[in-house]
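Asks:
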Amino acid sequence: MPKPTLPGQERYVAPAEETPLAAVDSVQVDETPASQWREAWKQLRRNPLFLASAVLLTILAVVIAFPGLFTNADPRFCELSRSLDPAEPGHPFGFNFQGCDVWSRTLYGARASVTVGVLTTLLVVLVGGITGAVAGFKGGWADALISRVGDIFFAIPLILAAIVTLSSVKNWFPDRGFWGGIMAVVLTLALFGWPQIARIMRGSVIEVKNYEFVDAARAIGASNRRNLWRHIVPNAISPVIVTATVSLGVFIVAEATLSFLGLGLPFSVVSWGNDIAEAQRLVRSGTRLGVMFVPAAALALTVLSFILLGDAVRDALDPKAKKR
Amino acid sequence: MWWYTARRILQTIPVLLGSTLLIYALVFLRPGDPVRALFGDKPVSEATIAQVREQYNLDEPFLIQWLLFLKGALTGDFGQSFTGRPVIDLIAEAFPVTIKLALMALVIEAVLGIIAGTIAGLRKGKLFDSTMLVVSLLVIAVPIFVFGFVFQLIFGVKLEWFPPTVGGNTSFYNLLLPAIVLGLVSFAYVLRLTRTSVAGNLSADHVRTARAKGLAEGVVVRRHVLRNSLIPVVTYLGVDIGALMAGAIVTEGIFNIPGVGNLAYQAVVRGETPTIVSVVTIMVLVYILAALLVDLLYALLDPRIRYA
């Protein structure tokens, strides 16, 4: 140990030649730094909640793609003579009031219910994301206009608004088939769902647009449009993704509620909402509760997976903001 | 403070106008002719139809109809229902019932949610906390009308603790079961919000200081943790009043309660524009006023916030 030379240097001071310069040289500077998304993915992979919801959603995806793998019964083949019959081989949950196989209808119903949730969420994120980003980035009158219009749609409660709107929107889709029925519900829910995403996007963009990298991009000559869509939006979108994942579940529940009120998907479409709504009078009289519980449980499990996924994604993207 | 309140009230005017116009447009776009639907299969003369149409301003262009409604609404005349009763009377009958139901639900969800959320937050990771998290997730994931029917069956029909349907007698006791069902989802959100907020505040510096001063644990939790944790919860509860009134459409249908939700649903089925628009206007008004109230409450809860 070399002797301290100056007062105050009584502590050990490493001589310069002991520092391993080779280690400094070996740091790779040409490798791209881990992005926010890659870091988030690393976090996600280790989160048990994410793994659980991923397993559930994978099963769901298989059921949606190939419902025939899990049942031989046709969801539309109904015999009134078998109305409310109990379970038998090949029909694990028995039959509903119309004599249709409950299990088969639940499997095939996943398609309509999840399609409504996914399409509505995509539409809401697209419309709300663009309007919110423009409002936050431009400010001024554009912000005022978009925010006030959003307030108008946001102030009307979703279910009430959907009830009023659905019958008008349904008129645009006269075929009343699978896609016609679904598009009517999707457009109605999206019409009143976008302001929530727009508000979140606007707040997030306002925060991000003041960061230094945005100034840097502008300094090297990036246009406003490029700055907004290439630099600001990718860095501002994570709270939107989190909210959208949870809303997906909320929209699935909303479809079921609208079907319960008799306004959702047409009765010809096999969906969880229609099946639960159809079974309600059985519950009132207390007979064959399974007819309602099987589709209700499937719906609950799906919504639960999306909520858990949203929680896990939020924890991964923003470890600080553990709200709710 | 007063200036801020006045400005906020002024800001609500365009939102109110816009939402009535929006609802008017949506009802206007509906297929079918409500006047002909009113007569059903009965043969009716063109003269009668023209007269009914004139009576409800349905012969005017769309924007004129809306302006006539606004003109009437400003003088307290919300038009007439198709049965000939003034809409204001219908609302005066139904609104107190829904307000009572929504406030009961709000009190139930706030009290239970804050208590359970605080306990869960204080014992984060323990059994009570995990149980409450699972329960809240289940409540959010299952559609509310499923709970409505199950509760009606168990507590109304089987156990006979509560009347299964309410009907004309809207007493406190009769509305209790519907209010619990109505408040369930929000209870789950209040619980999760309170839990996270309390758990986060427990490790805050001012709480450590309060403990170091030697304050009793109860005082620390109530005065230092809870008061700071309640701000996001109060925001949620304020916005929730509007959602509860809309959720009442489902709950009132299940338990047969003569409230605004039932009124709105019937009006939509019949295509009765004045009733629909009046009900929506009132719900929007409630939502906006509740949001304003919450903003003003902030100043009480958080002394750092001052409205100039």
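Chains A and D, in that order, are what the protein sequence lines are. When the letters of the first sequence are read in order and numbered with this note's numbering, they come out as residues 2 to 325. When the letters of the second sequence are read in order and numbered with this note's numbering, they come out as residues 63 to 370. Note that CB positions come from ideal geometry on N, CA and C, so glycine has one too. Since the structure is predicted, the reported quantities are computational estimates derived from the model, not experimental observations.
Cβ closer than 9 Å: which chain D residues qualify as neighbours of Gly250 (chain A)?
Replies: Numbered from 1 along the first sequence, position 249 holds the residue referred to as residue 250 (chain A). Within chain D, the residues near Gly250 (chain A) are Ile202, Ala203.
Asks: Which residues in the same chain as Ala172 (chain D) place their Cβ atom closer than 7 Å to its Cβ, once the five residues preceding and following it in sequence are excluded?
Replies: Taking the first residue of the second sequence as position 1, residue 172 (chain D) is located at position 110. So the qualifying residues of the chain are Val252, Leu299.
Asks: To be precise: take each residue of the stretch 273 to 284 of chain A, compare its Cβ to all Cβ atoms of chain D, and keep it if any distance is under 7 Å. Which residues remain?
Replies: Ile277, Gln281, Val284
Asks: Is Gly304 (chain D) close to chain A, meaning its C-beta is less than 8 Å from at least one C-beta of that chain?
Replies: For this step, residue 304 (chain D) is matched to residue 242 along the second sequence. Judged by the 8 Å Cβ criterion, Gly304 (chain D) is in contact with chain A.
Asks: For Pro87 (chain A), name the three-state secondary structure that DSSP assigns.
Replies: As a first step, residue 87 (chain A) must be located in the first sequence, where it is residue number 86. Reduced to three states, the DSSP call for Pro87 (chain A) is coil.
Asks: So, does the CB of Phe157 (chain D) fall closer than 8 Å to a CB anywhere in chain A?
Replies: Counted from its first residue, the second sequence places residue 157 (chain D) at position 95. No, Phe157 (chain D) does not count as interfacial toward chain A.
Asks: Tell me whether Val166 (chain D) is buried or exposed, calling it buried when 16 or more other Cβ atoms sit within 10 Å of its Cβ.
Replies: Locating residue 166 (chain D) in the second sequence gives position 104, where the first residue counts as 1. The sequence as given places Met at residue 166 (chain D); Val does not occur at that position. Under this definition Met166 (chain D) is a buried residue.
Asks: Please list the terminal residues of the continuous alpha helix (DSSP H) segment that includes Ile183 (chain A).
Replies: Sequence index remark: in the first sequence, residue 183 (chain A) carries index 182 (1-based). Note, Ile183 (chain A): alpha helix (DSSP H), 179 to 209.
Asks: Would a check of beta-carbon distances place Ile338 (chain D) closer than 8 Å to chain A?
Replies: By 1-based counting over the second sequence, the position of residue 338 (chain D) is 276. Closer than 8 Å: yes.
Asks: By DSSP, does Phe94 (chain A) sit in helix, in strand, or in coil?
Replies: Here the question's residue 94 (chain A) lines up with position 93 in the first sequence. Phe94 (chain A): coil per DSSP, three-state reduction.
Asks: Please identify the residue among A:Asn225, A:Leu124, A:Trp104 whose C-alpha is closest to the C-alpha of Phe294 (chain A).
Replies: Along the first sequence, one-based indexing puts residue 294 (chain A) at 293. Check the Cα spacing between Phe294 (chain A) and each of A:Asn225, A:Leu124, A:Trp104: the tightest is with A:Trp104.
Asks: At the level of alpha carbons, what is the spacing between Lys171 (chain A) and Ser192 (chain D)?
Replies: What you label residue 171 (chain A) is simply residue 170 of the first sequence in a count that begins at 1. What you label residue 192 (chain D) is simply residue 130 of the second sequence in a count that begins at 1. Near 43 Å, if we compare the C-alpha coordinates of Ser192 (chain D) and Lys171 (chain A).
Asks: Relative to the C-alpha of Ile277 (chain A), which candidate in D:Phe207, D:Leu244, D:Leu325 has its C-alpha closest?
Replies: Residue 277 (chain A) sits at position 276 when you count from the first residue of the first sequence. Residue D:Phe207 is the option with its Cα nearest to Ile277 (chain A).
Asks: For chain A, find out if any of its Cβ atoms is closer than 8 Å to the Cβ of Ser192 (chain D); answer yes or no.
Replies: Residue 192 (chain D) sits at position 130 when you count from the first residue of the second sequence. No, no contact with chain A.
Asks: With distance defined between alpha-carbon atoms, name the residue in A:Ser84, A:Phe174, A:Ile238 nearest to Ser205 (chain A).
Replies: By one-based count along the first sequence, residue 205 (chain A) stands at place 204. The option with the nearest alpha carbon to Ser205 (chain A) is A:Ile238.
Asks: Using beta carbons (cut-off 8 Å, strictly below), is Pro225 (chain D) in contact with chain A?
Replies: The residue labelled residue 225 (chain D) in the question sits at position 163 within the second sequence. Judged by the 8 Å Cβ criterion, Pro225 (chain D) is not in contact with chain A.
Asks: Which residues bound the alpha helix (DSSP H) around Lys133 (chain D)?
Replies: The sequence position of residue 133 (chain D) within the second sequence is 71, counting from 1. Secondary structure note for Lys133 (chain D): its alpha helix (DSSP H) is the uninterrupted segment 124 to 136.
Asks: In angstroms, rounded to a whole number, what distance separates the CA positions of Gly280 (chain D) and Leu238 (chain D)?
Replies: Position 218 of the second sequence, counted from the start, is the residue given in the question as residue 280 (chain D). Position 176 of the second sequence, counted from the start, is the residue given in the question as residue 238 (chain D). Taking the straight line joining both Cα atoms gives about 31 Å.
Asks: Give me the DSSP bridge partner(s) of Asp102 (chain A).
Replies: Counting from one through the first sequence, the residue named residue 102 (chain A) turns up at place 101. Beta-bridge pairing links Asp102 (chain A) to A:Phe96.
Asks: Beta carbon of Leu300 (chain A), beta carbon of Ile253 (chain A): below 8 Å?
Replies: On the first sequence, residue 300 (chain A) is found 299 positions in, with the first residue counted as 1. On the first sequence, residue 253 (chain A) is found 252 positions in, with the first residue counted as 1. A contact, by the Cβ cut-off of 8 Å.
Asks: Tell me whether the stretch 148 to 157 of chain A and the stretch 222 to 236 of chain A touch, counting them as touching only if at least three CB pairs, one residue from each stretch, are closer than 8 Å.
Replies: no
Asks: Starting from Pro148 (chain D), follow its DSSP beta bridges and name the residues at the other end.
Replies: Within the second sequence, residue 148 (chain D) is the residue found at index 86, counting from 1. D:Gln142, per the DSSP bridge assignment.
Asks: Using CA atoms only, rank isn't needed, just tell me which of A:Phe179, A:Gly118, A:Leu264, A:Gly274 is closest to Thr166 (chain A).
Replies: Taking the first residue of the first sequence as position 1, residue 166 (chain A) is located at position 165. Selected option, being the one with the closest Cα: A:Leu264.
Asks: Taking the alpha-carbon of Ser260 (chain A) as reference, which of A:Arg149, A:Ala297, A:Thr303, A:Glu89 has the nearest alpha-carbon?
Replies: To locate residue 260 (chain A), count along the first sequence from 1; it is residue 259. It is A:Ala297.
Asks: In terms of residue numbering, what span does the alpha helix (DSSP H) encompassing Gln328 (chain D) cover?
Replies: Numbered from 1 along the second sequence, position 266 holds the residue referred to as residue 328 (chain D). Per DSSP, Gln328 (chain D) belongs to the alpha helix (DSSP H) from 322 to 332.
Asks: Can you tell me whether DSSP reads Ile366 (chain A) as helix, strand or coil?
Replies: Residue 366 (chain A) lies beyond the residue range present for chain A, which begins at 2 and ends at 325; the question has no answer from this structure.
Asks: Determine the burial state of Ile308 (chain A): buried for a count of at least 16 other Cβ atoms within 10 Å of its Cβ, exposed for fewer.
Replies: Locating residue 308 (chain A) in the first sequence gives position 307, counting from the first residue. That one is buried.
Asks: Roughly how many whole angstroms lie between the Cα atoms of Thr288 (chain A) and Ala62 (chain A)?
Replies: Within the first sequence, residue 288 (chain A) is the residue found at index 287, counting from 1. Within the first sequence, residue 62 (chain A) is the residue found at index 61, counting from 1. The alpha-carbon separation between Thr288 (chain A) and Ala62 (chain A) amounts to approximately 32 Å.
Asks: Going by Cα to Cα distance, which pick from A:Pro87, A:Gly91, A:Leu108 is closest to Phe98 (chain A)?
Replies: On the first sequence, position 97 is the one that residue 98 (chain A) refers to. Nearest C-alpha to Phe98 (chain A): A:Pro87.
Asks: Could you have a look at Ser81 (chain D) and say whether DSSP puts it in helix, strand or coil?
Replies: Translated into positions along the second sequence, residue 81 (chain D) becomes position 19. Of the three classes helix, strand and coil, the one that applies to Ser81 (chain D) here is helix, per DSSP.
Asks: Scan the stretch 129 to 159 of chain A for residues whose Cβ lies nearer than 8 Å to a Cβ of chain D and list them as they occur along the chain.
Replies: Arg149, Val150, Asp152, Ile153, Phe154, Ala156, Ile157, Pro158, Leu159
Asks: On a Cα-Cα basis, can you pick out the residue from D:Arg284, D:Ser248, D:Phe249, D:Ala278 that is closest to Val379 (chain D)?
Replies: Beyond the ends of chain D as shown, which are 63 and 370, falls residue 379 (chain D); an answer cannot be given.
Asks: From Ile344 (chain D) to Thr256 (chain D), what does the alpha carbon distance come to, in whole angstroms?
Replies: Along the second sequence, read from residue 1 onward, the residue named residue 344 (chain D) stands at position 282. Along the second sequence, read from residue 1 onward, the residue named residue 256 (chain D) stands at position 194. The alpha-carbon atoms of Ile344 (chain D) and Thr256 (chain D) are separated by roughly 30 Å.
Asks: Closer than 8 Å, CB to CB, is Leu125 (chain D) near chain A or not?
Replies: Locating residue 125 (chain D) in the second sequence gives position 63, counting from the first residue. No, Leu125 (chain D) does not count as interfacial toward chain A.
Asks: With distances taken between CB atoms, is the gap from Ala185 (chain A) to Phe193 (chain A) smaller than 8 Å?
Replies: The residue given as residue 185 (chain A) occupies position 184 in the first sequence. The residue given as residue 193 (chain A) occupies position 192 in the first sequence. Not closer than 8 Å, so no.
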